[in-house]
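Encoded as structure tokens, the structure appears first; notes follow it.
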Amino acid sequence: MQKVKKLKRPIYICNEDNTLAYISYISRDVCIITYTNRIHKDRCQLRGTYTFCKYCDHYRLDRGPYKNVCSKVSWIRTLIDNGIVKILPKLKYELLKVAYNTIKEFVF
Numbered sequence: 011m012q013k014v015k016k017l018k019r020p021i022y023i024c025n026e027d028n029t030l031a032y033i034s035y036i037s038r039d040v041c042i043i044t045y046t047n048r049i050h051k052d053r054c055q056l057r058g059t060y061t062f063c064k065y066c067d068h069y070r071l072d073r074g075p076y077k078n079v080c081s082k083v084s085w086i087r088t089l090i091d092n093g094i095v096k097i098l099p100k101l102k103y104e105l106l107k108v109a110y111n112t113i114k115e116f117v118f
């Protein structure tokens, strides 16, 4: 098992669909992504990780919303390089999170 290191400051990210997440744990080639507003679509294996770790919510994936998922660092880096995922400052991340929660209350 690889040593997992907690980052001093999380890396806040957002994709084209305004799915908010942050990376707070990282090892040599795997990181733990914590989602703020995502519903499960794919298993961890389909996201580039073929082994589960103790941080991953792999038991809850079939039951709706989930938070923590494993991903390969190289896969995230490729998405950032292609412009699909953007790195956000903390203030913008918090504002988008508040905006999403406000919209969610009125829509559902």
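So that you can map any letter, position 75 of the sequence shown is 85 in our numbering, and since no number is skipped, the others follow by simple counting.
Ideal Cβ placement from N, Cα and C applies to all residues, glycine included.
{"Item": "Euclidean distance between Cα positions of Asp39 and Ile90", "Value": "16 Å"}
{"Item": "C-alpha gap between Phe101 and Val14, whole angstroms", "Value": "Residue identity check: residue 101 is Leu in the sequence provided, not Phe. If I take the Cα positions, the gap works out to 27 Å."}
{"Item": "Span separating the alpha-carbon of Met18 from that of Tyr35", "Value": "A small fix is needed here, since residue 18 is Lys in this sequence, not Met. Cα to Cα, the separation comes out at about 9 Å."}
{"Item": "Where Lys51 falls: helix, strand or coil (DSSP)", "Value": "Residue placement at Lys51 is poorly supported in this model, since its pLDDT is 49, which falls under 50; the coordinates are not used for a value here."}
{"Item": "Lys77 Cβ short of 7 Å to the ligand PLP heavy atom set", "Value": "As for the ligand PLP, it is missing from this structure, which has no ligand bound."}
{"Item": "Top-ranked residue by Cα proximity to Ile42, from Cys24, Asp27, Asn25, Val83", "Value": "Val83"}
{"Item": "Inter-residue Cα distance where the pair is Leu106 and Arg87", "Value": "22 Å"}
{"Item": "C-alpha distance - Tyr103 paired with Lys96, whole-angstrom precision", "Value": "11 Å"}
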